[in-house]
Amino acid sequence: MPKLPQRPPKEPAALPPKVRGGRPRGRRIEVWVTPEEEATIADLAAQAGLSNSGYLRAVGLNQPVRSVVDLKAVADLGHVNGDLGRVAGLLKLWLAEKRGQGGRPVEVESLMIEFRALQTRVLDVMGRVVRGD
-16 MPKLPQRPPK EPAALPPKVR GGRPRGRRIE VWVTPEEEAT IADLAAQAGL SNSGYLRAVG
44 LNQPVRSVVD LKAVADLGHV NGDLGRVAGL LKLWLAEKRG QGGRPVEVES LMIEFRALQT
104 RVLDVMGRVV RGD
């Protein structure tokens, strides 16, 4: 069987630069630290969900560094707030359809008002955590 002619090897195509979003960064700053300091920085960066360099950049530029735990707590509070809204909605439905059955309407209405006030307080706490107040 005759051999097919070999093609010349292709030149590697220029790879496009990585798309990361944000500003392109081309400068590096070296920081000398002890092993203990490095471990502390790595731990704090992990808690914030950042790389070591991202954490040091944020701290060095006096930008707020939020803990991943704080942001997860805000998400959990959002779920609780939604549950409170659903309970208040069910109470409102109960008032509309079965007024006076199983409980006094005045008590149910006051309970709804308390749920709405609690929702407002939860939203306030969520806002303070996100803003870093």
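So the sequence shown is numbered by the working numbering: it starts at -16 and just counts up by one. For every residue, glycine included, the Cβ atom is placed at its ideal position computed from N, Cα and C.
Please state if the CB of residue j and the CB of residue i are separated by a distance shorter than 8 Å.
i      : j      : result
Asp139 : Val112 : For the chain, the structure presents residues -16 to 116; residue 139 sits outside this window and is missing.
Asn35  : Ala22  : no
Val91  : Leu78  : yes
Arg6   : Ala31  : no
Pro74  : Leu94  : Correcting the residue type first, residue 74 is Leu in the shown sequence and not Pro. Taking 8 Å as the Cβ cut-off, Leu74 and Leu94 qualify as a contacting pair.
Phe98  : Val63  : no
Val14  : Leu33  : no
Identify whether residue i lies in helix, strand or coil by the three-state DSSP scheme.
i     : result
Val91 : helix
Ser34 : coil
Thr23 : helix
Thr17 : coil
Asn64 : helix
Taking buried to mean at least 16 other C-beta atoms within 10 Å of its own C-beta, is residue i buried or exposed?
i      : result
Ala28  : buried
Ala100 : exposed
Ala58  : exposed
So with Cβ pairs under 8 Å, would you call residue i a contact of chain C?
i     : result
Glu19 : Protein chains in the displayed structure number just one, and chain C is not present.
Practice task
Would you check if the region 43 to 53 and the region 92 to 110 touch, i.e. whether three or more CB-CB distances between them fall below 8 Å?
Solution key: The region 92 to 110 and the region 43 to 53 do not touch, with fewer than 3 CB-CB distances between them shorter than 8 Å.
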